[in-house]
Amino acid sequence: MGHGCGKVILLGEHAVVHGVPAIAAGIDRGADAEVDRATDTELSIGEVRVIPGDGSELGRALSALLAELGAGSVSVRATTCLPVGCGLGSSAALAVAIARAVQALDGDASSERTLAAATAWERVFHGNPSGIDTAAAAQGGCIWFTKASGPEPLRLGLPFTLAVAVAGPAASTRSMVESVARIAERRPEVFQKSLAGIEALVKNARIALEAGDLTGLGRLMDLNQMLLSGLMVSTEEIEFACRLARSAGALGAKLTGAGGGGCVIALVESDPEPVLAAWRAQGLTCFSTHVGAKKE
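Heads up: the sequence shown begins at 9 in this note's numbering, then just goes up one per residue.
The following block contains the structure:
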């Protein structure tokens, strides 16, 4: 049996692809997988069934993951309670869960091999992933992440609660990353200023998290959302969901993940229900999640 956490990015998405630090957190919801040896390799996720070589992205991702682990033929049964393509790391959670289940079958629980296999899977879907999704899926808790140095667990001054809403249809991470890259090419000076602004916010967010300053963290999340809007990755639906959350008492709200649709996160002081109720009244699917220290 293997498990992978879903994730949210508190601050730093898109900028992390360009070397800026980001802060992510594993969430309660995630993916699980069971693996048995088999004559022919197959992956089942609910009613979806794929095999290597069937031409699907999922089939190619499975092949890449198993090749990285040097695994033989296996039968994989996976489940997930994360919406696909909405910024909650559903793909990385599945990859980590499957990699861990395969490793358990072989009696090898190396975290380095888990991340390598999950990264091979993620490249099929996202081209050049930063690695933050797989790190959060594998570690849980709250992490500081850079492409150069990888993940570093953060010591939280206080645990905290987030409300999460699906604010729009799923968007392609690859296409959103490419759209930001085009902005960087066309307007490099403006883009570098945006990166510098996001980096400053992320560094201050680390201080706020370690001090347990949730009010300060919420304000920094709001400012990060403004800069993400400037990079053209927000949408009317995302902005509306953020406004609803703030008017219902959230300390801060922003998109999480690639944007262009997908999920919004809202930081709450204690009780997420007022924010969740405001979202539900507008027909949004939503839930809450608790973020604490890394699970040992």
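Backbone N, C-alpha and C define an ideal beta-carbon position, used for all residues, glycine too.
These figures come from a predicted structure and were not determined experimentally.
> Near R163, which residues of its chain fall below 7 Å by C-beta distance, leaving aside the five closest residues on each side in sequence?
Replying inline: Here the set comprises E218.
>> Comparing C-alpha positions only, which one of G165, F153, P137 and S202 sits nearest to L184?
In response: Per the sequence shown, the amino acid found at residue 184 is Met instead of Leu. Ranking G165, F153, P137 and S202 by CA distance to the CA of M184 puts P137 first.
>> Pop quiz: W287 and L259 are said to be a contact at Cβ under 8 Å. What is the actual Cβ separation, rounded to whole angstroms?
In response: Not quite, the Cβ-Cβ distance comes to about 16 Å (not below 8 Å), so this is no contact.
> Considering P280, what are the terminal residues of the beta strand (DSSP E) in which it resides?
Replying inline: Counting along the chain, P280 falls outside any beta strand (DSSP E), and DSSP gives it neither H nor E.
> Helix, strand or coil: how does DSSP classify S119 here?
Replying inline: For S119, the secondary structure class from DSSP, reduced to helix, strand or coil, is helix.
> Of the residues S98, A41, A103 and V92, which one's Cα is nearest the Cα of R68?
Replying inline: Among S98, A41, A103 and V92, the Cα nearest to that of R68 is on A103.
>> Suppose you measure from the CA of L275 to the CA of L263; what does that come to, to the nearest Å?
In response: Counting only the Cα atoms, L263 lies some 12 Å from L275.
> Which class does L90 belong to by DSSP, given the choice of helix, strand or coil?
Replying inline: In the structure shown, L90 sits in coil (DSSP, three-state: anything other than H, G, I, E or B).
>> Classify E130: buried if its beta carbon has 16 or more other beta carbons within 10 angstroms, exposed otherwise.
In response: Buried is the call here.
>> Quick check on this structure: which residue in V25, V299 and V24 has the alpha carbon closest to the alpha carbon of A171?
In response: For A171, the closest alpha carbon among the candidates V25, V299 and V24 is that of V299.
> Exposed or buried, which one is K15 when buried takes at least 16 other CB atoms within 10 Å?
Replying inline: Looking at its Cβ environment, which holds 16 or more other Cβ atoms inside 10 Å, K15 is buried.
> What is the DSSP secondary structure of V28, counted as helix, strand or coil?
Replying inline: The DSSP-derived three-state label of V28 is coil.
>> Does G226 come out as helix, strand or coil in the three-state DSSP assignment?
In response: It is helical.
> Alpha carbon to alpha carbon, how far is L18 from T47?
Replying inline: Each residue's Cα considered, the two are about 43 Å apart.
> Going straight from the alpha carbon of E244 to that of G267, what length do you get?
Replying inline: Each residue's Cα considered, the two are about 11 Å apart.
> beta strand (DSSP E) containing R57: first to last residue?
Replying inline: Residues V56 to V58.
> So what's H22 in DSSP terms, helix, strand or just coil?
Replying inline: Residue state, collapsed to three classes: coil.
>> As a quick exercise: from I215, Q200 and A112, pick the residue whose alpha carbon is nearest that of H26.
In response: The residue with the shortest Cα to Cα distance from H26 is Q200.
> Terminal residues of the continuous beta strand (DSSP E) containing V185?
Replying inline: Membership of V185 in any beta strand (DSSP E) is not indicated; the residue belongs instead to the alpha helix (DSSP H) covering T181 to R194.
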